[in-house]
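Notes follow the structure.
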Amino acid sequence: MMPHVPFTDALVERLARARSVAVLTGAGISAESGIATFRDPGGIWERFRPEELANVRAFLRNPELVQAWYAHRRALVAEAEPNAGHLALAELETLIPDFTLITQNVDDLHRRAGSRNVVELHGNLTRSSCIDCRRPAAEADLRMLASGEPARCPDCGGYLRPDVVWFGEMLPVEALETAHEAARRADVFLSIGTSAVVYPAAEIPRLAREQGAYVAEVNVAPSAIAGDVDEVALGPAGTVLPRLAAAVRARR
Ligand code: APR
742 MMPHVPFTDA
752 LVERLARARS
762 VAVLTGAGIS
772 AESGIATFRD
782 PGGIWERFRP
792 EELANVRAFL
802 RNPELVQAWY
812 AHRRALVAEA
822 EPNAGHLALA
832 ELETLIPDFT
842 LITQNVDDLH
852 RRAGSRNVVE
862 LHGNLTRSSC
872 IDCRRPAAEA
882 DLRMLASGEP
892 ARCPDCGGYL
902 RPDVVWFGEM
912 LPVEALETAH
922 EAARRADVFL
932 SIGTSAVVYP
942 AAEIPRLARE
952 QGAYVAEVNV
962 APSAIAGDVD
972 EVALGPAGTV
982 LPRLAAAVRA
992 RR
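Position one of the sequence shown corresponds to residue 742 (the working numbering), numbered consecutively onward.
The following block contains the structure:
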C-alpha cells in the first residue's frame, strides 16, 4: 500500500522547474523541535498574556518580568534543535536558484538548520539591544538580570530588550520589503506552519498568488488562508517537507 502523499505531483513539478521560490514559515515548523506555538491548545498565548509581556508598555512597566520571560524562551530555544522540516527547507534552498525563506519565528532555528537567505519579519530573540541607544547587548550585559536587577545598557543605562517585534510595533521595513519582493517574483510560494492570522505577514501569500505564484500551504490543519491557496498539504512539516524536498531533488 503506497503511503499517502499529502502533496500533488503538480507541486513537485512546479518546484522542480521553478526559478524563484519564496516560503513563509510560522511557529508550526518549530513545533516538532519542542517549541510551543502561540495559538494551538497549550500554546504560548494560552499561558501568558501577550499584553503583559510582548509590548513596549508592558516592558517599561515591568522590565525585569519581560527580560526574565525572554531569558526563559532563549534557554528553551538554545536547548532545541532544528527538526527535519527546517533541514528540508535548507536543502530546498540548494536546489532552487532564487530561494527566499521568510519567517515569523524568532527562534533562529532556520539559520541553525543551514538556511542562508532568511528574512526575519519578527526579529530574533537570540539578539538583544538597548531600548534607548539601540547598542547591541552582549551576553554578559544580560547576566545582570540574575542579580535581581533589570539588565541595562553599559553605555547609557537604558533597559535591554530582545530584538523581536512586539505587538503594536512596526515590522523592520527592509525585511518586509524584501519579503514582498520575493513574493512578487515567486513562481511557487509555500506557507508553512502558520495560522495566517497576524498581519502584515499573513498578507504575503496572497500577494504572491496575485502575482501568479502557485501557492501551497503545509499545515496540520487548514489555516485562515486555506481557501486562498492552490493546494493544502495536510501533515506535520517535519514529515511533509522532507518528502517534498526528496521528490524535488529527484526531479531536478
Ligand atoms: N507542522 C505544521 N504546522 C503545524 C504543526 C506542525 N507540526 N504544529 C502546528 N502547526 C500549525 C498550526 O495548525 C497553526 O496553523 O502551526 C500554526 C501555528 O499558528 P500560531 O501559533 O498562530 O503561530 P504563527 O502563525 O507563527 O503566529 C504568527 O503571531 O503572536 C504572534 O509574533 C507571533 O510570529 C507569531 C505570529
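Just so it is clear, CB atoms sit at the ideal spot from N, CA and C, and this is done for glycine as well. This one's a predicted model, so the numbers in the text were calculated from it and none came from an experiment.
{"query": "With a threshold of 16 other CB atoms inside 10 Å of the CB of Cys997, please say whether the residue is buried or exposed.", "result": "Here the chain comprises residues numbered 742 to 993, so residue 997 is not present and cannot be evaluated."}
{"query": "Determine which residues share a DSSP beta bridge with Ser870 and list them.", "result": "Pro877 and Arg902"}
{"query": "Please list the segments of the alpha helix (DSSP H) lying wholly inside the segment 826 to 870, counting only runs of 4 or more residues, in order along the chain.", "result": "850 to 854"}
{"query": "Does the beta-carbon of Ala978, which I'm using as the reference point, lie nearer than 7 Å to any heavy atom of the ligand SAH?", "result": "The ligand SAH is not part of the structure shown, which contains the ligand APR as its ligands."}
{"query": "Mapping the DSSP letters down to three states, classify Ile932 as helix, strand or coil.", "result": "According to the sequence shown, residue 932 is Ser rather than Ile. If DSSP states are grouped into helix, strand and coil, Ser932 belongs with the strands."}
{"query": "Assuming Ser771 contacts Asn846 (C-beta within less than 8 Å), just tell me the rounded distance between them.", "result": "6 Å"}
{"query": "Would the beta-carbon of Leu912 fall within 8 Å of that of Ile843?", "result": "no"}
{"query": "Only counting runs of 3 or more residues, tell me where the beta strand (DSSP E) segments fall wholly within the segment 745 to 823, in order along the chain.", "result": "761 to 766"}
{"query": "Any idea what DSSP makes of Ala978, helix, strand or coil?", "result": "helix"}
{"query": "Distance, Cα to Cα, Asn960 vs Leu982?", "result": "10 Å"}
{"query": "Leaving aside the five residues before and after Gly775 along the sequence, list all residues of the same chain whose C-beta is less than 6 Å from its C-beta, in chain order.", "result": "Ala821"}
{"query": "Using a threshold of 8 Å, state whether the C-beta atoms of Ala924 and Leu901 are closer than that.", "result": "no"}
{"query": "Please state whether DSSP places Val961 in a helix, a strand or coil.", "result": "coil"}
{"query": "Quick one: does the C-beta of Thr935 sit closer than 7 Å to a heavy atom of the ligand APR?", "result": "yes"}
{"query": "If the criterion is Cβ atoms closer than 8 Å, does the pair Glu834 and Asn858 meet it?", "result": "yes"}
{"query": "Put Val939 into one of helix, strand or coil per three-state DSSP.", "result": "coil"}
{"query": "Is the closest heavy atom of the ligand APR to the C-beta of Cys960 under 7 Å?", "result": "The identity of residue 960 in the sequence shown is Asn, whereas the question assumes Cys. Asn960 Cβ: within cutoff of the ligand APR."}
{"query": "Would you mind stating whether Ala927 and Ser761 have Cβ atoms separated by less than 8 Å?", "result": "yes"}
{"query": "Looking only at DSSP bridge pairs, what is Arg893 linked to?", "result": "Tyr900"}
{"query": "Contact defined as beta carbons within less than 8 Å: I believe Ile872 pairs with Gly899. What is the distance between those atoms, to the nearest angstrom?", "result": "5 Å"}
{"query": "For the ligand APR, any of its heavy atoms closer than 7 Å to the Cβ of Ile966?", "result": "no"}
{"query": "Consult DSSP for Glu972 and reduce its assignment to one of helix, strand or coil.", "result": "strand"}
{"query": "So, are the CB atoms of Trp907 and Val818 less than 8 Å apart?", "result": "no"}
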